[in-house]
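*Asks:* Note that the UniProt record's numbering has the sequence shown beginning at 1, numbered continuously upward. Every residue, glycine too, gets a C-beta built ideally from N, C-alpha and C.
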Amino acid sequence: MYNPKSLKAEEFICHEEILETLAYGEKNKDNVELIDSIIQKARLLKGLNHREASVLLACEMPDKIEEMYSIAEEIKKKLYGNRIVMFAPLYLSNYCINGCTYCPYHGKNKHITRKKLTQEEVVKEVTALQDMGHKRLALEAGEDPVHNPIEYILECIQTIYSVKHKNGAIRRVNVNIAATTVENYRRLKEAGIGTYILFQETYHKESYELLHPTGPKHDYNYHTEAMDRAMEGGIDDVGLGVLFGLERYKYEFAGLLMHAEHLEAVHGVGPHTISVPRIKHADDIDPSVFDNSIDDEVFAKLCALIRLAVPYTGMIISTRESQRVREKVIRLGVSQISGASRTSVGGYQEKERPTDTEQFDVSDQRSLDEVVRWLMEMGYIPSFCTACYREGRTGDRFMSLCKSGQIQNCCHPNALMTLKEFLMDYASEETRALGEKMIQDELANIPKDKVREVCREHLEKIERGIRDFRF
Ligand code: SAM
């Protein structure tokens with residue numbers, strides 16, 4: 001029986017409720033009056049529940065879809081301005097005992113090179129990432145209690161935060177590791193992680209079990225209830241995601257929103273981020289085997305509707321997607337992107353992109369400097385800000401900042417100051433020239449005089465070599 005407040009996976013992600021939702025969407029996909037009222041609700045930043053959002057997903061009327069896109073853009077501009085937060089994944093280990101059929105790290109893959117970073121190698125990777133200009137990382141690792149126990153992950157986090165190379169620093173470490181215990185989440189929190197990210201892969205239990213035939217990840221309920229344990233362990237920023245291509249996208253979309261509603265209902269705060277990965281080719285993985293792949297149009301529609309349904313949840317897009325697709329969905333609501341990613345273990349220290357330990361092929365292979373310049377050319381401010389979490393603005397406190405409309409007095413100057421650091425320390429001449437102009441123009445968009453003045457002073461200090469200012 002469907003119950004968003006339940007702590008049981010099969011009650012808050014209720015299969016029957018999803019089927020009824022899909023039927024409701026199908027029945028109402030031409031119901032203009034209902035569609036208009038849902039669109040109007042989204043326009044008022046009220047968010048949408050899974051049923052309402054599923055009606056919009058089912059709707060195929062071109063003029064209505066255009067309207068959804070234009071509201072997604074409006075919401076994006078209003079809540080996130082023109083800032084795009086930058087991050088990079090860091091692969092610690094590809095040892096894994098699970099049997100995920102879509103992932104080349106699966107335990108039965110005897111062909112892929114297995115590798116786990118030593119602490120010395122972590123320092124080298126972090127140094128290379130700092131030398132590009134990165135300040136925020138997402139840690140990635142396979143599940144293997146012998147090779148990658150929680151102690152190993154914790155040690156890596158400590159090493160990462162300790163590396164201070166030139167003006168570089170990693171100021172926020174997000175973690176994407178397998179579902180674990182409340183106690184381990186508590187330890188991750190104590191180690192100073194930002195967001196705990198775990199992709200559901202698919203919300204369809206039967207498919208989930210087939211796609212994860214062996215290993216601890218086979219347990220659908222344990223995996224689906226992970227975010228509740230993370231929150232119980234004190235982590236209040238959690239990141240959801242679905243691996244699109246595994247199951248029918250309408251089913252996943254309803255499940256994803258039900259998961260967000262569940263977190264809000266039980267913990268009083270929804271997910272901090274939602275990621276939207278699509279299956280990619282990798283070592284022994286052929287994406288065409290999975291017959292639920294979605295084209296770029298559907299992908300864009302999903303991104304736009306996530307923006308409408310959960311306006312205060314950040315949306316992340318990785319380098320799985322090409323420059324062209326990223327361009328489209330950034331406009332429709334994405335607020336965070338990775339740049340210059342290497343999905344191999346130890347990949348950043350290498351001059352040439354290694355492919356022998358890669359988790360998936362990277363579509364967008366540009367350097368961070370190129371990605372930063374490209375964003376600015378499109379009018380976006382690349383932001384290396386990590387202030388919220390360091391100022392304790394996580395969970396509901398972050399949501400209050402969003403809802404109070406104070407973002408422009410807080411996130412905007414922080415974006416400009418961290419961009420300035422990037423320009424001073426890492427940018428090419430061309431990028432720097434473009435960025436300096438952008439900072440001067442964008443200073444005018446800080447509403448409060450006092451904040452603008454302080455920001456200007458900090459920018460001058462950054463010019464003189466001082467680092468790490470924040471509001
Ligand atoms: N091992 C962790 C777990 O069990 O959730 C997560 C880390 S894994 C390195 C990160 C994510 O990569 C997975 O959750 C999955 O969604 C995604 N992934 C795996 N294989 C992929 C593929 N072939 N193409 C695109 N993404 C993939």
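Is it buried or exposed, Gln40, if we count other Cβ atoms within 10 angstroms and call 16 or more buried?
*Replies:* Result: exposed.
*Asks:* With DSSP collapsed to three states, give me the class of Phe471.
*Replies:* It is coil, neither helix nor strand.
*Asks:* Rounded to whole angstroms, what is the Cα-Cα separation between Cys303 and Arg331?
*Replies:* Each residue's alpha carbon lies about 10 Å from the other.
*Asks:* Determine contact between the segment 289 to 299 and the segment 265 to 272, defined as no fewer than three beta-carbon pairs at a distance below 8 Å.
*Replies:* Contact between the segment 289 to 299 and the segment 265 to 272 is absent, because fewer than three Cβ pairs lie under 8 Å.
*Asks:* Does the distance between the C-beta of Arg282 and the nearest non-hydrogen atom of the ligand SAM fall short of 7 Å?
*Replies:* Looking at the sequence itself, residue 282 is Ala, so the reference to Arg does not match. It does: the Cβ of Ala282 is within 7 Å (strictly closer) of some heavy atom of the ligand SAM.
*Asks:* For residue 554 and Glu190, I'd like the C-alpha separation in whole angstroms.
*Replies:* Here the chain comprises residues numbered 1 to 471, so residue 554 is not present and cannot be evaluated.
*Asks:* For the segment 169 to 177 against the segment 216 to 226, are there 3 or more C-beta pairs whose distance is under 8 Å?
*Replies:* The answer is no - the segment 216 to 226 does not touch the segment 169 to 177, with fewer than three Cβ pairs under 8 Å.
*Asks:* By the three-class DSSP mapping on this structure, what secondary structure does Phe199 have?
*Replies:* Residue state, collapsed to three classes: coil.
*Asks:* Once the 5 residues before and after Asp284 are set aside, which same chain residues still bring their CB inside 8 Å of it?
*Replies:* Once the five neighbours on either side are set aside, the close Cβ partners of Asp284 are Pro104, Asn109, His111 and Ile112.
*Asks:* Sort Leu375, Gly395 and His262 by Cα distance to Ile236 and report the nearest one.
*Replies:* Residue identity check: residue 236 is Asp in the sequence provided, not Ile. The candidate whose alpha carbon is nearest that of Asp236 is Gly395.
*Asks:* Relative to the C-alpha of Leu210, which residue among Arg307, Glu261, Ala300 and Tyr102 is closest?
*Replies:* Ranking Arg307, Glu261, Ala300 and Tyr102 by Cα distance to Leu210 puts Tyr102 first.
*Asks:* Should Arg320 be listed as close to the ligand SAM, given that the test is whether its C-beta is under 7 Å from any heavy atom?
*Replies:* Yes.
*Asks:* Using a Cβ-Cβ cut-off of 6 Å (strictly less than) and excluding sequence neighbours within five positions of Tyr2, which residues of its own chain qualify?
*Replies:* Around Tyr2: Cys14 and Glu17.
*Asks:* Taking DSSP's pairing of strands, which residues face Arg136 in a bridge?
*Replies:* Answer is Arg172, bridged to Arg136.
*Asks:* Do three or more CB pairs link the segment 410 to 425 to the segment 118 to 127 at distances below 8 Å?
*Replies:* Contact between the segment 410 to 425 and the segment 118 to 127 is absent, because fewer than three Cβ pairs lie under 8 Å.
*Asks:* Going by the beta-carbon positions, is the gap between Pro277 and Gly314 smaller than 8 Å?
*Replies:* No, the Cβ-Cβ distance between Pro277 and Gly314 is not below 8 Å.
*Asks:* How is the beta strand (DSSP E) around Gly314 delimited, first residue to last?
*Replies:* Note, Gly314: beta strand (DSSP E), Gly314 to Ile317.
*Asks:* Tell me the DSSP secondary structure of residue 473 in three-state form.
*Replies:* The structure shown does not extend to residue 473, since the chain is modelled only from 1 through 471, so no value can be given for it.
*Asks:* Quick check on this structure: which residue in Tyr69, Ala265 and Glu143 has the alpha carbon closest to the alpha carbon of Phe12?
*Replies:* Nearest C-alpha to Phe12: Ala265.
*Asks:* Please identify the residue among Ile97, Glu206, Ser93 and Gly239 whose C-alpha is closest to the C-alpha of Cys156.
*Replies:* Selected option, being the one with the closest Cα: Ser93.
*Asks:* Could you check if Gly99 belongs to the surroundings of the ligand SAM, using beta carbon to heavy atom distance under 7 Å?
*Replies:* Flag unset: Cβ of Gly99 not near the ligand SAM.
*Asks:* Looking at the unbroken alpha helix (DSSP H) that takes in Ser54, where does it start and where does it end?
*Replies:* Taken as a continuous stretch (DSSP letters only), the alpha helix (DSSP H) holding Ser54 covers His50 to Ala58.
*Asks:* Report back the beta-carbon spacing between Ala254 and Ser54 to the nearest angstrom; my notes put them in contact at under 8 Å.
*Replies:* Their Cβ separation, rounded to whole angstroms, is 5 Å, which keeps Ala254 and Ser54 in contact under 8 Å.
*Asks:* Kindly provide the ranges of any beta strand (DSSP E) runs that are 3 or more residues long and lie completely inside the segment 50 to 129, ordered along the chain.
*Replies:* Counting only runs of 3 or more, we get 83 to 93.
*Asks:* DSSP on Val242, reduced to helix/strand/coil?
*Replies:* Of the three classes helix, strand and coil, the one that applies to Val242 here is strand, per DSSP.
*Asks:* Could you give the first and the last residue of the continuous alpha helix (DSSP H) run that contains Ser275?
*Replies:* Ser275 -> not in any alpha helix (DSSP H); beta strand (DSSP E) instead, spanning Thr273 to Ser275.
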